[in-house]
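Participant: Residue numbers in the sequence shown follow the numbering used here, run continuously in steps of one, and reach 117 at the last position. Yeah, the Cβ is synthetic: ideal placement off N, Cα and C, and Gly gets one too. Please read these numbers as outputs of a predicted model, since none were measured by experiment. Pasting in a structure now, in structure tokens, and then I'll have a few things to ask.
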Amino acid sequence: MKLIDERGGMVGAIESGWVVHEIAESAYRFQRDVEQGDRVVVGLNRFTTDEIPPIELHRPDPSVAKGVITEVEISEKNGLSQASPNSGQRKSCGQRRR
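The following block contains the structure:
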């Protein structure tokens with residue numbers, strides 16, 4: 020906080036470019052420390068493996084999708100839309116503007 024106050028507060032520190040410089044400097048130091056091994060990042064510079072673990076993909080149940088489609092079709096037949104539950108309100112608001 021003292022460093023920011025010395026630069027005229029946060030606005031002054033931003034306008035002078037000091038904040039951006041400090042962020043860039045911090046990012047540089049962090050990256051350097053990771054690359055030199057002074058900072059441990061598990062899976063990046065320590066405890067790494069060449070083996071790529073298999074990825075389990077989620078397979079949705081087709082019956083659930085069919086049920087949702089059926090519900091939407093029924094709603095559309097009845098003049099309702101589940102995709103936009105407030106569509107009736109929007110329509111009436113739009114009609115009032117005209």
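Arg26 by DSSP, collapsed to three states: which one?
Facilitator: Residue state, collapsed to three classes: coil.
Participant: Give the DSSP-derived three-state secondary structure of Val83 in the structure shown.
Facilitator: DSSP places Val83 in helix when its eight states are reduced to three.
Participant: Would Ile42 and Ala32 be called neighbours here (beta carbons separated by less than 7 Å)?
Facilitator: Going by C-beta atoms, Ile42 is not nearer than 7 Å to Ala32.
Participant: Using DSSP bridges, identify the partner residues of Val61.
Facilitator: For Val61, which the question treats as bridged, DSSP gives the partners Arg65.
Participant: Ignore the nearest five residues each way along the sequence and tell me which others in Asn64's own chain have a CB closer than 7 Å to its CB.
Facilitator: Only Val53 and Gly56 meet the Cβ criterion.
Participant: Over what stretch of residues does the alpha helix (DSSP H) that includes Ile42 continue unbroken?
Facilitator: Counting along the chain, the alpha helix (DSSP H) containing Ile42 begins and ends at Trp37 to Gln55.
Participant: Identify, in the order they occur along the chain, each residue of the same chain with its Cβ nearer than 6 Å to the Cβ of Arg58, setting aside the five sequence neighbours on each side.
Facilitator: Counting only Cβ-Cβ distances below 6 Å, and skipping sequence neighbours, we find Asp52.
Participant: Tell me the rounded alpha-carbon separation between Ile88 and Lys96.
Facilitator: Going from the Cα of Ile88 to the Cα of Lys96 covers about 12 Å.
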